[in-house]
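Asks: My questions all concern the structure below.
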Amino acid sequence: MITPFALAGLAAGLALARQDAPPAAEHPVKLLAHAELSAELARLASAHPDLATLHLVGRSREGRAIEALCITAAKERAEHPALLLVANLEGPRLFESGVALHHAERLLSEAGDEKVRALLESTVVWILPRANPDAAEARFATPRAERWTSTEGVDDDRDGRMGEDPPSDVNGDGLVTWMRVPDPDGTWMADPKDARALVEADRAKGERGVWKLYPEGRDLDHDEEASEDPPGDVRVDRNFPAGWEEHAAHAGLFATDEPEARALAEFVMAQKNLCLVLVFDGWDDLVEKPKSVGDDAPAVKLVPPAGLLESDAKQVEELGRRYREATENKTKGTSPTEGTFARWCYEHRGIVTLGAVLWDLPTEAPKSEAKPEEAKPADAPAEEKKEIEKKEGEKKDEREPSEDAKHLKWIDATGETWRFVPWTSFTHPELGAVEIGGFAPYARLEPPEKERGPIADRHFGFLLGLGAVLPRATLAECEREALGGDLWRVRAVVANDGFLPLFSKSAQRTQTTRPARVRLILPEAAVLVAGEVQTLVSDLPGSGGRKEILWLVHGPAAMEIGVEVDSDHAGKAFRKAEEAR
Amino acid sequence: MNAFALAFALSIQDGSHEKPGFPGLPANHRPEVEIPWNRFYDAEEIYALLDRFAAHWPRLLSHEVIGHSVENREMRVYTLTNPDAGPASSKPAMWVDGNVHGNEVQGAEAVVYLAWYLLENQTSNERARALLDQGAFYLLPMVNPDGRAHWFAGAHNAHSSRTGVQPLDRDGDGLFDEDGPDDLDGDGNIVQMRKHVPGEGTHRLNADDPRVMEFVPPNDKGIRGDWIYVGQEGIDNDGDGRINEDDVGGYDMNRSWPSLWQPDHVQFGAGPYPLYWPETRAIARFLLEHPNVAAVQSFHNSGGMILRGPGAEVFGEYPRADVAVYDELGRDGERMLPFYRYMIIWRDLYSVFGGFVNWAYEGLGIMSFTNELWADEQVSPDRRLGQGMQDQLLADDRLLLGEGFVDWHPYQHPLYGPIEIGGFQKDVGRVPPTFLVEEMIHRNALFCVRHAEALPEVVIRDPLVTDLGGVKAVDVVFANEHLIPTRTAQAAKNRIGRPDRLVLEGEGIEVLAGGVRSDRFRPEQIELQEHDPARLVREEGLGSRAELRVRWLVKGKGEATLRFEGEKARAVERTVAIP
Chain P
1 MITPFALAGL AAGLALARQD APPAAEHPVK LLAHAELSAE LARLASAHPD LATLHLVGRS
61 REGRAIEALC ITAAKERAEH PALLLVANLE GPRLFESGVA LHHAERLLSE AGDEKVRALL
121 ESTVVWILPR ANPDAAEARF ATPRAERWTS TEGVDDDRDG RMGEDPPSDV NGDGLVTWMR
181 VPDPDGTWMA DPKDARALVE ADRAKGERGV WKLYPEGRDL DHDEEASEDP PGDVRVDRNF
241 PAGWEEHAAH AGLFATDEPE ARALAEFVMA QKNLCLVLVF DGWDDLVEKP KSVGDDAPAV
301 KLVPPAGLLE SDAKQVEELG RRYREATENK TKGTSPTEGT FARWCYEHRG IVTLGAVLWD
361 LPTEAPKSEA KPEEAKPADA PAEEKKEIEK KEGEKKDERE PSEDAKHLKW IDATGETWRF
421 VPWTSFTHPE LGAVEIGGFA PYARLEPPEK ERGPIADRHF GFLLGLGAVL PRATLAECER
481 EALGGDLWRV RAVVANDGFL PLFSKSAQRT QTTRPARVRL ILPEAAVLVA GEVQTLVSDL
541 PGSGGRKEIL WLVHGPAAME IGVEVDSDHA GKAFRKAEEA R
Chain Z
1001 MNAFALAFAL SIQDGSHEKP GFPGLPANHR PEVEIPWNRF YDAEEIYALL DRFAAHWPRL
1061 LSHEVIGHSV ENREMRVYTL TNPDAGPASS KPAMWVDGNV HGNEVQGAEA VVYLAWYLLE
1121 NQTSNERARA LLDQGAFYLL PMVNPDGRAH WFAGAHNAHS SRTGVQPLDR DGDGLFDEDG
1181 PDDLDGDGNI VQMRKHVPGE GTHRLNADDP RVMEFVPPND KGIRGDWIYV GQEGIDNDGD
1241 GRINEDDVGG YDMNRSWPSL WQPDHVQFGA GPYPLYWPET RAIARFLLEH PNVAAVQSFH
1301 NSGGMILRGP GAEVFGEYPR ADVAVYDELG RDGERMLPFY RYMIIWRDLY SVFGGFVNWA
1361 YEGLGIMSFT NELWADEQVS PDRRLGQGMQ DQLLADDRLL LGEGFVDWHP YQHPLYGPIE
1421 IGGFQKDVGR VPPTFLVEEM IHRNALFCVR HAEALPEVVI RDPLVTDLGG VKAVDVVFAN
1481 EHLIPTRTAQ AAKNRIGRPD RLVLEGEGIE VLAGGVRSDR FRPEQIELQE HDPARLVREE
1541 GLGSRAELRV RWLVKGKGEA TLRFEGEKAR AVERTVAIP
């Protein structure tokens, strides 16, 4: 049961989320290979046995353990709401797994801190740092490559063979980058703003493509296509049932065929007290205002419309505001697409799911390095203003630099040269004269070292504030009133003091969460004259939502009448009906 | 006694008029394995029957265990083929199953009958023999052996034990399967409850037959009935104020399949994710690992239907070329199965998301049917008896000595007080009476044979070699002689499985170019394949009863081999001399 102290602490935690987070030096963000990550999780669990337990969620296709830490100070886990943080569902997102691990470490090592204690006493926090261990392991392999897919194969180029042309390190530089191959059929050309960047030629503007672009690799089957049939095709985070795309190679043979997806689904289903899921991936619900669909939007040919329902979207928008305040994150992403875990959690399990993109390769040089000519026109005297405006106007007629060119500006300004390999001529064994280079693996995904800690710390602050967000059903009032003739009116009020409603709008549809059950407990001598023995409560708004239940009972004054509320996330609570004053 | 009679008497003694096989001709035939077909068999007996066949015809029938049910019963696939003409995996195959709904029992008998009938006729019938030479059957009689076992052993009605038996909390009260129907009078049946409420009821008893309850229509004269129905036999087991709201299980394994799958709140019974139950996942894995399956038949009850997808309107329409194949098979089925109608599931029946035959076609590209076995018009085909309760009782009284109906008898109910219990038993209504079982399963098994005889069969017609001067043109016609294409339009459109390949190779032969010819009279109209022309890739396969003209341009001389390779047809080879 949640203590008043914890409640107050939660409120305090919410307000102070952004301020005075201890420095990150003791908890750097670590990008660990699987064996090290597993060892670290085990170490955390054994170092904090009163707070943490390690759980095996399942095994990947290649047999690696998928693990989650359960962190809580609550005595009865089942009687408190739970939240789940999942990271690294996409293979290359190791930074996100490092941030999740960082959160676990801080929760455990700072358990004495007021805000942390408030969270852990009232909430069950699950942290699953790496949902896709097989693909993540490529980060530490040589040559280094980004691996988004699993080992299941599809015959991509329909030549009767599978996986015969995988991406590989052709020029022996230890990296799998890109190849641009001169070809009059090619659709790519150099960005006029920065010759290192490639853009697709636009015929309507009289532009002509000169290159074909491939991932670095061989053309072993001599079909004049390189790297076109990689050994893996399936993305774990496209293998979940909501919006699952049949016949798309990346979606797998059927939803939950990938053992990682099935294990995660079973895990979510097993946590009956799970009220909120936080996903660190490419999905964004918290920076960009999420799109929503009306609560009453009709099904089309019996298929309900996809996406966030309006009532839930309102809650998510508020959480997004708190997120932006706590983390100062401006990185936008997209809504979860077909077949993703996030979409399944929300649309099929009715659990509010928040996605955040922790970092993206910036498209501007950092502000402190901005050149003086680029000062705002507003600061300049009138004549200069006109000159600058004229130049701005001229600039508008020219082509905008491409996204890649903008990224390169940032790379040049910050000196993060590892992120881009200069295009270098190479004689390719099958394709002849090519150039190899381009953005390096993980360049777009991993922030500079010095930024990692601060990003993690700010997100930790947001995490601490989530305790007050979860719904909490309590029996706020329980009383009886004599009506005369041994007839009594019994009144109970169930209230929800959390921010989120007891059931999201989605959960009211999916009916995958059991309603809270309110049961009237009567002695043998009493007779229920009016009302239900058991009332199911499935619609209770947050921030003080209340539901009143009434009964009429006939029986002697001495009889003891009680009411019990039983919910999946708050356990059982019993109160005797006391006479109303 | 005259000579003729003597000869006749002698022949009866030595049985020389008896012929092998049991082809449906009633005289002078004795099956090798005698099976009474006028009854149903429980889960263990079904496997025992097939094992008897496997013991009697060991080369032709064998089985493997592909998984286990929730209650750990074996899920067995029996493979029926003649391995002397090649292993099953080298031939197009037909998958036949039944009984995904535990109460829809007769599907298993239909599967068993199919095996029996083909085996009995191997030595005597050319078509039966050719079928097992050229093709194979994968037979899984019970998709839901647990449901079947419960239906046989427990107290049920015609509709119950449809589900599997994994416990499910249907009413959200935290308890599982705690309030199902109850056999209150312990007679082994779940029937109806009615209560006498003089002047306050919705029904009255029929004047001629008090077993029959007649609805009293609303009227302005204040005429009311004396009886009400109070529901299915049962009590409020968990004290929550509701009766029979949480029976065993409560899910539908025929809503579990991956295509257009929707969760429980959109499609009742579907469970939390596709192929959630072990029975369904085992079957899915088998089909994914056997890409030679080119025909699927599933048996359900009841209603007399030959069903194809789409299961949900949102899919749209199936490709025309495939619909043409479906229509031919469906119409043949209507002619073979009196009172059965060939229907489209979503349009003519109801919406089904995640149905098995929908996945088999939409996901795997296989021509697939569900038959709903038993059209009850068969009891009185000329309609001298109608469908009302009185007619049903007459049929039961006269043809089954009244065994199907439990007559109304009194019972004291804890909530309703004095009531009466009565009604038709579980084996009335959705399954045929004993004497019509064999007809039903025979016709449906032979519908499977009709479907299987349509499996693709490829031939390579006489190749023609023309000397163009230094280069030779080899013209070959690859033909699929049967109704079912080697790749359905659905498979081609969605790149399901591997495309067919048409190959020319030989020592000393170099293939310079090649492709499919689009014009019979203009040889230069060729869709050239740029890379590796010796192995032409054909995503569309060979169509229904269609020919494909191919031209290769080659250099060199010697013997060349022409070959067709496809997942759903036997590989075919032919040699041609290049002079």
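Protein chains in written order, with my numbering: chain P, 1 to 581; chain Z, 1001 to 1579. Note that CB positions come from ideal geometry on N, CA and C, so glycine has one too.
Put GLU317(P) into one of helix, strand or coil per three-state DSSP.
Replies: In the structure shown, GLU317(P) sits in a helix (DSSP, three-state: H, G or I).
Asks: Using the three-state DSSP reduction, which class does MET1343(Z) fall into: helix, strand or coil?
Replies: Three-state result, MET1343(Z): strand.
Asks: Taking 7 Å as the CB-CB limit, is VAL565(P) close to chain Z?
Replies: Cβ-Cβ to chain Z under 7 Å: no for VAL565(P).
Asks: Quick one: what's got a C-beta closer than 8 Å to GLU578(P)'s C-beta in the same chain, skipping five residues either side?
Replies: Counting only Cβ-Cβ distances below 8 Å, and skipping sequence neighbours, we find CYS478, GLU479 and ARG480.
Asks: If HIS1056(Z) and ARG1076(Z) are in contact, beta carbons under 8 Å, what's the gap, nearest whole angstrom?
Replies: In fact, because the Cβ distance is near 17 Å, the residues do not count as touching under 8 Å.
Asks: Since ALA996(Z) contacts GLY1303(Z) with CB under 8 Å, what's their CB separation in whole angstroms?
Replies: With chain Z covering only 1001 through 1579, there is no way to say anything about residue 996(Z).
Asks: In this structure, does DSSP put HIS554(P) in helix, strand or coil?
Replies: Residue state, collapsed to three classes: strand.
Asks: From ALA78(P) to HIS569(P), what distance separates their C-alpha atoms?
Replies: Using only the alpha carbons, I get a separation of about 7 Å.
Asks: For MET1367(Z), which residues does DSSP report across the bridge?
Replies: DSSP output for MET1367(Z) lists ALA1295(Z) as bridge partner(s).
Asks: Closer than 8 Å by beta-carbon distance: list the chain P residues that pair up with ALA1577(Z), in chain order.
Replies: In chain order: nothing, as chain P lies at least about 27 Å away.
Asks: Using three-state DSSP, classify TRP410(P) as helix, strand or coil.
Replies: TRP410(P): helix per DSSP, three-state reduction.
Asks: Using a 10 Å radius around the Cβ and a threshold of 16 neighbouring Cβ atoms, would you call GLN1232(Z) buried or exposed?
Replies: Buried, by the Cβ-count rule.
Asks: Only counting the same chain, and skipping five residues up and downstream in sequence, which positions put a Cβ closer than 6 Å to that of THR1575(Z)?
Replies: Cβ neighbours of THR1575(Z) beyond the five flanking positions: GLU1559 and THR1561.
Asks: When the cut-off is 7 Å and only beta carbons count, does GLU373(P) lie next to chain Z?
Replies: Here GLU373(P) scores only 49 on pLDDT, less than 50, and its place in the model is too uncertain to base an answer on.
Asks: Whose C-beta lies closer than 7 Å to the C-beta of PRO1083(Z) among residues of the same chain, with five residues either side of it excluded?
Replies: Closer than 7 Å at the Cβ level, and outside the excluded window around PRO1083(Z), lie ARG1059.
Asks: Going by C-alpha distance, which of ARG509(P), ILE436(P) and LYS301(P) is nearest LEU213(P)?
Replies: If we check each option's Cα against that of LEU213(P), ILE436(P) comes out closest.
Asks: Hey, LEU1329(Z) and ARG1443(Z): beta-carbon distance below 7 Å or not?
Replies: No.
Asks: Give me the Cα-Cα distance between GLU1018(Z) and ASN1028(Z), rounded to the nearest whole angstrom.
Replies: Going by the C-alpha atoms only, they are around 5 Å apart.
Asks: Quick one: what does DSSP say PHE140(P) is sitting in, helix, strand or coil?
Replies: Helix.
Asks: Report the residues of the region 1299-1319 of chain Z with a CB closer than 8 Å to any CB of chain P, ordered along the chain.
Replies: Taking 8 Å as the Cβ-Cβ cut-off against chain P, the residues of the region 1299-1319 of chain Z that qualify are ALA1312, GLU1313 and VAL1314.
Asks: Do the region 287-296 of chain P and the region 304-323 of chain P make contact, defined as three or more Cβ pairs closer than 8 Å?
Replies: Yes: the two stretches touch, three or more of their Cβ pairs being nearer than 8 Å.
Asks: Roughly how many angstroms separate the alpha carbons of LEU1131(Z) and ALA1452(Z), rounded to a whole number?
Replies: When rounded, the distance between both Cα atoms is 8 Å.
Asks: So GLY1363(Z) contacts chain P; which residues on that side make the cut at Cβ distance below 7 Å?
Replies: The contacting residues are GLU246.
Asks: Taking 7 Å as the threshold (beta carbon to beta carbon), is VAL303(P) in contact with chain Z?
Replies: True, the Cβ-Cβ gap to chain Z drops below 7 Å.
Asks: Would you say TYR1273(Z) reaches chain P, if we count a Cβ-Cβ gap shorter than 7 Å as a contact?
Replies: It does; some Cβ of chain P falls within 7 Å.
Asks: What ranges does the beta strand (DSSP E) occupy inside the region 1390-1443 of chain Z, keeping only unbroken runs of at least 3 residues that lie completely in it?
Replies: Correct list: 1405-1413 and 1417-1424.
Asks: Can a CB atom of chain P be found closer than 7 Å to the CB of SER1089(Z)?
Replies: For SER1089(Z), the answer is no, since every Cβ of chain P falls outside 7 Å of its Cβ.
Asks: Do you know how far the Cα of ALA405(P) is from the Cα of ALA195(P)?
Replies: Using only the alpha carbons, I get a separation of about 8 Å.
Asks: If we call anything under 7 Å between Cβ atoms a contact, is PHE462(P) one with THR327(P)?
Replies: Closer than 7 Å, so yes.
Asks: Are the CB atoms of LEU550(P) and ARG491(P) within a distance shorter than 7 Å?
Replies: Yes, the Cβ-Cβ distance between ARG491(P) and LEU550(P) is below 7 Å.
Asks: Do you know offhand how far ARG1204(Z)'s Cα is from ARG1129(Z)'s?
Replies: Rounded to whole angstroms, ARG1204(Z) to ARG1129(Z) spans 60 Å at the Cα level.
Asks: I want to verify the contact list: residues of chain Z whose CB lies under 8 Å from the CB of ALA255(P), in sequence order.
Replies: Near ALA255(P) (Cβ distances below 8 Å), the residues of chain Z are PRO1258, TRP1261, TYR1273 and PRO1274.
Asks: Contact check, ASN1371(Z) vs HIS1300(Z) under 8 Å by CB: the rounded distance?
Replies: Yes, ASN1371(Z) and HIS1300(Z) are in contact; Cβ-Cβ is about 7 Å, under 8 Å.
Asks: Taking C-beta pairs closer than 7 Å, name the residues in chain Z that MET269(P) reaches, listed in chain order.
Replies: Those within 7 Å of MET269(P) in chain Z are PRO1272.
Asks: Are the C-beta atoms of VAL1572(Z) and some chain P residue less than 7 Å apart?
Replies: For VAL1572(Z), the answer is no, since every Cβ of chain P falls outside 7 Å of its Cβ.
Asks: Give the list of continuous alpha helix (DSSP H) stretches no shorter than 4 residues that lie fully inside the region 1258-1326 of chain Z.
Replies: Segments of the alpha helix (DSSP H) lying fully in the region 1258-1326 of chain Z: 1278-1289.
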